[in-house]
Amino acid sequence: MSTREITLTVNGRRTTLSVEPRKLLVDVLREDLGLVGTHIGCEHGVCGTCTVLRDGRSIRSCTTFAVQADGADIRTVEGLAQGPELHPLQEAFWEKQGLQCGYCTPGMLMRCVEILERDPDPTPQSVREQIASNLCRCTGYATITEAVCAAAEVMRSGARAGTEVAS
Amino acid sequence: MKPAAFDYAAPTRLADAIDLLVAHADAEPRVLAGGQSLVPLMNFRLAQPGFLVDLQHVDGLSDIRLTDDELVIGAMVRQSTAEESADAAAGAPLLVEALGHVAHPPIRNSGTIGGSIAHADPSAELPAVALALDATMTAAGPGGERRIPAAEFFRGPFETALGPDEILTEVRLPRRPGGHAFVEHARTHGGFAVVAVAVDLAVDDAGTVTRAAIALSGVGPTPIRATATEQALVGTVPDAESIRSAVAATVAVLSPAGDVHGSSETKVDMARSYLRRGIELALDRAASRR
Amino acid sequence: MTTVDRPTPPVRTHKAERTWVGKSIRRVEDPRFLRGRGGYIADLVLPGMLHAAVLRSPHPHARIVSIDTSRAEAAPGVHAVVTGAQAAELTDPLPDFGPNPAAHTWRCLAVDKVRYVGEGVAVVVADDRYLAEDALELIDVEYEPLPPVVDPLAALADDAPLVHEPLGSNCAYDRTFEFGDVAGDFERADVVVTDQLRWHRSGGQPLETVGAVAEHDPATGGFRVHTNSLSFTSYLFMVATALKIPANRLDIVPMPAGGSFGSKLFVTKPLVIAAMCARLTGRPVRYLEDRVDNMANCDHHGSDRHYDVRMALTRDGKITAIDIDTVDDYGAYIQFGVGHHGNALAQVVGPYTIGSVRYRVRAVLTNKNQQGAYRGFGSEVNNWMLEQMVDKAARELGMDPVEIRRRNFIRSFPHFIPTGNVYDSGDYDAVLDKTLELGRYEHWREVQEQARAEGRYIGIGLITAQERSVFSATEFWFWFDEPGAPVTSMPESVTLKVDATGAITATLYSCAFWGNSPETMVAQLVAEEFDCDPHDVSVVYQSSKNGLPATGPGGSRTTVMLAGAVEGASAKIKEKARRAAAHLLEADPDDLEWRDGGFEVRGVPEKRKTLSEIAIMLHLFKHSFDEDVESGLEESKVFDHPYTTMPSADRKDLGVFYPFMGHACHLPVVEVDVETGVVTFLDYAAVHDCGTLVNPRSLAGHIQGGTAQGIGTALYEEFVYGPDGQLQTTSYLDYPIPTSLEVPELKIGHVETPSPWTPHGIKGGGEGGRMMAPAAINAAVNDALAPLGVRITELPLTPDRIRAALRAAGHGS
Ligand SMILES: Cc1cc2nc3c(=O)[nH]c(=O)nc-3n(C[C@H](O)[C@H](O)[C@H](O)COP(=O)(O)OP(=O)(O)OC[C@H]3O[C@@H](n4cnc5c(N)ncnc54)[C@H](O)[C@@H]3O)c2cc1C
Ligand code: FES
Ligand code: FES
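Residue numbers (UniProt numbering), protein chains in the order written: chain S, 1 to 167; chain A, 1 to 290; chain G, 1 to 813.
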């Protein structure tokens with residue numbers, strides 16, 4: 001079967017590549033672009049280890065053909081840290097031990113980025129409700145909830161500081 | 001768990017999409033909406049279409065329109081877009097409440113309204129909503145457009161009135177002031193419903209039920225209307241006892257198939273419980289909106 | 001002869017003031033995982049690597065009449081297709097600790113017949129996984145279906161079809177053990193409580209599946225295999241045998257695992273498949289299970305037991321004896337023998353002073369995926385069974401669940417239980433007291449009463465149970481009279497290297513990263529020894545080829561064994577450093593003391609040498625020292641199991657095999673919706689005692705995470721095989737795993753009763769909440785339903801089971 005040319009903007013970088021229509025987005029990210037932080041757990045949409053952001057919204061990259069993402073802006077875990085500096089969510093996951101084996105972590109982080117972009121000041125209960133989209137087999141979720149709330153606080157004060165500087 | 005090979009096109013015009021379905025009829029083509037049912041099936045190789053027509057760029061399928069008497073949702077409207085739409089909330093709050101039970105946000109960010117209805121999973125939420133609200137499905141095919149009432153649309157598990165070269169373009173939901181409720185049991189949050197109940201009803205100032213529409217998912221090969229319960233409620237001022245007997249009228253004729261999530265008996269028990277809860281909640285809301 | 005020699009090890013004195021052990025530091029492992037650079041097996045790409053996919057049997061039981069691979073071989077991108085018959089020539093059977101491996105032979109692919117749905121029949125090697133799966137569809141297999149053996153009790157019937165004909169029966173093991181005067185105790189009992197219980201199979205289901213990447217070296221005939229199971233260091237020969245090569249030609253590189261929960265313990269099949277294919281194609285090969293492989297063909301389903309139990313008590317609630325008869329459905333093979341029941345026997349009497357035990361175990365083979373390991377390894381099932389019995393006894397005697405437990409607690413230690421195993425230390429009352437307070441027991445009893453008046457069903461579960469840690473392998477062979485073996489050590493090793501700048505690198509052998517925190521534990525232990533920052537300690541994993549003796553994680557052994565190895569290696573380093581420092585300071589070594597990261601002359605703080613000052617001298621200026629001093633500062637310690645003894649010849653005493661006994665009390669509060677059978681949590685308190693804590697936060701993580709899995713076992717998860725032998729749960733849509741909304745936030749408490757026999761008094765705790773939660777949640781649900789006369793003795797407690805029980809008790813609608 002023929003391949004198709006697609007353009008993806010991944011973590012801010014535009015790439016054009018030629019893919020078989022059947023190739024899943026997660027495999028293109030991992031194999032063609034070498035971004036192995038996005039994991040595969042179930043390949044049927046349930047576990048969430050493959051979660052990435054498409055145009056700012058979380059999706060399952062295992063139930064998305066790469067051709068469907070042609071033209072889209074994709075963000076993955078590799079785009080979170082700025083050089084040596086971890087993203088506040090990564091810092092908070094570290095501090096609160098929001099991970100054990102780390103396999104769910106990239107997908108969970110990307111889902112949490114979306115959660116906080118949509119609501120910068122969530123309650124623990126709303127975090128618990130929203131992270132139900134992603135399974136974690138290790139932590140029992142409590143420390144993840146804690147970490148998201150802690151990161152939200154840091155990001156809010158960072159954002160305030162940022163506006164002060166800007167104004 | 002990798003899909004079999006297929007050819008792919010992403011047309012921008014509806015007519016082209018239909019032409020592609022016709023032209024590739026031998027390849028058992030399918031349309032691809034959000035892919036949240038189709039891609040998992042293909043990953044399991046339970047579905048192996050030879051050609052996919054991606055509808056995401058087709059003009060005119062992603063609009064939400066609210067008129068005085070109906071909400072019209074384009075088939076390709078993402079579930080999360082509908083969930084967040086003020087027009088949808090105003091025009092069909094039952095739909096919006098049900099969407100909260102459809103999988104999880106990352107699935108709803110891809111999955112579409114039309115995809116869910118066209119897929120016709122007997123455990124899915126939206127078909128029950130469409131049935132309860134007497135929605136009309138607009139289908140476009142080589143022979144033109146036709147409108148199919150919900151009551152005729154769902155034919156069996158994963159089976160609809162759509163022909164192989166027809167595309168569902170929109171879902172028209174009549175606006176019905178009153179009280180609504182969507183309640184369900186899923187094994188874990190975000191899972192498919194084991195039993196789901198959609199209720200839409202209206203009461204007059206005296207508390208008399210003037211209209212009742214109730215549909216269930218999970219208890220039959222298609223969503224079904226709880227007609228006996230609706231009839232028992234209309235014209236009455238329901239109390240706990242009359243609700244119970246109205247529910248019993250439907251429950252008595254249910255014979256769902258058992259599966260790993262519950263025996264037939266348990267599904268009946270669930271239907272009984274959730275019907276009651278749904279009716280009570282809808283009555284409360286109807287009363288408070290009076 | 002029923003007595004065995006029971007020398008206890010010397011009692012240690014533990015350091016009173018600790019700097020790093022006991023601190024909740026941030027884990028040293030985390031930064032790479034947070035950045036998506038975990039380096040899992042799927043991330044490893046080798047030049048020229050090919051991909052394997054396995055064709056799974058659609059039949060539970062069928063003869064393979066013929067396999068035609070010609071169409072598959074001709075498919076694009078395909079390099080090789082191997083059938084089971086071919087694999088049987090290329091490889092030998094897989095390592096098997098079962099009772100009679102020659103009669104229930106287990107191979108990497110099925111040969112003459114398939115024995116469960118999902119068993120591998122053939123493997124395709126192709127350029128990528130997509131092409132490999134395309135070719136799987138082109139393999140034509142002709143099967144002759146045989147009647148499946150599904151129900152383990154029916155499988156015991158004389159005329160049942162046989163899973164393995166050479167065995168002559170589906171019962172792979174049947175033996176009754178008696179410890180103490182069981183008959184007498186039952187005769188003297190005032191009350192005998194009996195029950196039948198049923199625990200269905202579930203599994204670890206880590207989000208990462210199991211896999212291996214194998215490279216073959218045609219020059220030596222050897223292999224280098226990367227896998228997320230173990231590095232098999234001490235057991236390399238077993239894996240090498242399956243590949244028909246000498247053990248010194250095999251190197252296994254451990255990769256971090258995206259969760260295991262036991263299910264990546266000693267997994268050899270993917271490794272052997274990948275290696276076989278690498279040798280055949282001359283290219284590196286990856287075989288990584290997909291989720292369906294992992295659910296249907298992982299060889300790591302959990303326990304699947306029927307119990308018939310009798311418990312003898314005095315009228316005032318003292319438990320005197322227990323008589324357990326269990327039938328365990330092992331599935332089609334029995335790779336770990338009945339080791340799971342050894343686990344149970346390590347703590348079979350729970351925290352109670354029960355005087356005698358009868359234990360009959362029948363291991364039955366059926367047409368299902370075989371059992372492996374799942375967090376608890378069968379002892380969590382015993383905990384559940386025992387606590388169910390204690391609660392039933394309490395009910396029959398009209399006692400409160402707290403009261404009956406206090407009546408029976410063991411209070412003096414060390415305590416030898418009837419099976420011969422020892423409990424080193426504990427304070428069960430303290431744990432219970434703390435739980436009752438943390439979980440607001442009295443408060444919830446009041447709420448429960450009010451709720452009942454309103455027709456709501458709230459239940460409080462209270463269980464007190466054991467978590468054995470640090471197994472000795474005697475539990476894998478004391479089942480048999482022959483061959484018998486000397487006592488087995490199960491060592492673990494650490495090498496510590498102090499470089500010329502004084503920075504420390506620790507090398508671990510076999511103790512791979514599975515989501516536990518071996519690097520953090522070792523870093524904290526090293527920091528404790530050398531007064532450095534744990535985040536400055538570098539930790540690496542050695543492959544098996546250059547490995548020191550090591551067993552790997554399992555049975556909550558990692559932390560204790562690593563602590564012993566670190567302690568030993570540190571002592572050697574310090575010994576050498578002391579001598580060097582004495583030389584440099586021109587002092588008597590005996591006058592030096594270790595203080596704050598260096599040696600100093602006792603009482604003369606200005607006369608000191610820091611570790612880095614000593615290290616640079618030892619690395620670069622060896623000739624400054626005596627002739628027998630060698631350059632460098634690197635030492636290893638092979639730490640052997642600190643306390644294990646031989647079983648008696650007649651097996652009436654199994655000896656000490658699991659001596660460091662953790663304990664916990666769980667107190668969940670649930671509400672049961674009796675109309676739908678849905679259970680929700682209102683509260684959950686858990687207090688654990690794992691001896692001295694190394695990192696309280698990471699232990700809390702194991703408690704919370706283990707409890708989440710226990711909730712799965714108790715309420716949601718089950719591998720369901722239909723009466724036709726079909727596996728009905730082959731996706732996460734049918735096998736529900738708890739999400740954040742199914743798992744309550746626990747109130748966690750710790751009690752620390754140090755072990756007298758381990759470094760710092762540490763006991764293992766990695767199996768965490770899953771040891772207790774199923775028992776506790778079952779107790780809570782039964783407490784909720786008590787007013788309706790319903791008690792459920794079967795897990796998981798799905799809405800379906802709860803409703804069925806309520807209907808049977810007349811609560812129809
Ligand atoms: C983990 C997970 C959990 C889920 N849980 C739920 C749940 O709880 N409840 C629920 O209802 N659903 C659930 N879903 C399914 C989800 O809602 C899907 O989005 C939906 O069923 C299909 O919509 P789609 O846009 O993704 O369609 P697709 O997957 O693209 O298509 C589904 C089918 O419909 C056909 N089709 C789609 N659009 C059209 C059209 N316009 N005209 C004609 N045919 C069309 C396709 O050809 C295909 O056969 C879940 C999915 C996943 C992955
Ligand atoms: S791998 Fe995509 S959801 Fe599991
Ligand atoms: S940390 Fe292991 S699955 Fe979440």
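No residue lacks a Cβ here, since even glycine has one placed at the ideal position from N, Cα and C.
Those residues whose C-beta sits under 6 Å from the nearest heavy atom of ligand 2 are, from N- to C-terminal order along the chain, S/Ile-40, S/Gly-41, S/Cys-42, S/Glu-43, S/Gly-45, S/Val-46, S/Cys-47, S/Gly-48, S/Thr-49, S/Cys-50, S/Arg-60 and S/Cys-62.
S/His-87 counts as buried, since no fewer than 16 other beta carbons sit within 10 angstroms of its beta carbon. In this structure, the CA atom of S/Val-52 is about 14 Å from the CA atom of A/Arg-108. For the segment 58–69 of chain S, the set of residues with a beta-carbon nearer than 9 Å to any beta-carbon of chain A comprises Ser-58, Ile-59, Arg-60, Cys-62, Thr-63, Thr-64, Phe-65, Val-67 and Gln-68, in chain order.
Contact of S/Cys-42 with chain G is assigned, a C-beta pair being separated by under 8 Å.
Separation of the CB atoms of G/Leu-230 and G/Leu-250 is rounded to 13 Å, and the pair is thereby denied contact status at 8 Å. Around the beta-carbon of G/Phe-621, fewer than 16 other beta-carbon atoms lie within 10 Å, marking it exposed. Between the segment 305–319 of chain G and the segment 439–455 of chain G there are fewer than three inter-stretch CB-CB distances shorter than 8 Å, so the stretches are not counted as touching.
Boundaries cannot be given for G/Lys-264, as no alpha helix (DSSP H) includes it and DSSP labels it neither H nor E. Among the bridge pairs identified by DSSP, G/Tyr-457 is matched with G/Val-672. Collapsing the DSSP output to three states places A/His-104 in coil.
Using a Cβ-Cβ cut-off of 8 Å, G/Gln-704 counts as an interface residue toward chain S, since at least one Cβ of chain S sits closer than that to its own.
Cβ-Cβ separation between G/Gly-355 and G/Asp-653: approximately 14 Å, too far for a contact (criterion under 8 Å). G/Ala-500 is positioned such that its CB atom lies closer than 8 Å to that of G/Ile-616.
Of all residues in the segment 119–131 of chain S, the ones placed with a Cβ closer than 9 Å to any Cβ belonging to chain A are Glu-129 and Gln-130, in chain order. At least 8 Å separates the beta-carbon of A/Arg-211 from that of A/Ala-198. Ranking G/His-164, G/Thr-194, G/Val-253 and G/Ala-240 by CA distance to the CA of G/Ser-543 puts G/Val-253 first.
CA-CA distance, G/Ala-172 to G/Ile-245, rounds to 30 Å.
G/Val-21 and G/Val-11 have their C-alpha atoms roughly 20 Å apart. Within its own chain, the residues whose Cβ lies closer than 6 Å to the Cβ of A/Ala-10, once the five positions on either side in sequence are excluded, are Asp-54 and His-57, listed in chain order. A direct Cα-Cα distance of roughly 54 Å separates A/Met-76 from G/Ala-242. Taking the Cα of A/Leu-61 as reference, the smallest distance to any Cα among A/Lys-267, A/Pro-221, A/Ile-167 and A/Ala-186 is reached at A/Ile-167.
Proximity of G/Pro-10 to chain A, defined by a Cβ-Cβ separation below 8 Å, is not satisfied. For A/Val-39, the closest Cβ of chain S is nearer than 8 Å. Annotation: Cβ neighbours of S/Gly-37 in chain G (cutoff 9 Å, chain order): Arg-35, Gly-36, Arg-37, Gly-38 and Asp-43.
Proximity of the beta carbon of S/Tyr-103 to ligand 3 is indicated: a heavy atom of the ligand is located closer than 7 Å. Pairing A/Arg-176 with A/Ala-228, the inter-Cα distance amounts to about 21 Å.
Selection S/Val-154, S/Met-155 and S/Arg-137 evaluated against G/Gly-701 yields S/Arg-137 as nearest (Cα-Cα). In this structure, S/Ala-66 sits away from S/Leu-33, with a CB-CB distance that is not shorter than 8 Å.
Residue state for A/Gly-278 is assigned as helix, using DSSP reduced to three classes.
Contact annotation: in the segment 724–735 of chain G, residues whose CB is within less than 8 Å of a CB in chain A are Gln-728, Thr-729, Ser-731, Leu-733 and Asp-734. Distance from the CA of G/Val-601 to the CA of G/Ala-580, rounded to the nearest whole angstrom, comes to 13 Å.
The alpha-carbon of G/Tyr-721 is positioned some 44 Å away from that of S/Ala-150.
In this structure, G/Phe-513 and G/Phe-657 do not form a Cβ contact; the two beta carbons are roughly 27 Å apart against a cut-off of 8 Å. Judged by their CB atoms, S/Arg-22 and G/Ser-740 are not nearer to each other than the 8 Å cut-off. Residue-level contact check: S/Val-77 touches chain G, since one or more beta carbons of chain G fall below 8 Å from its beta carbon.
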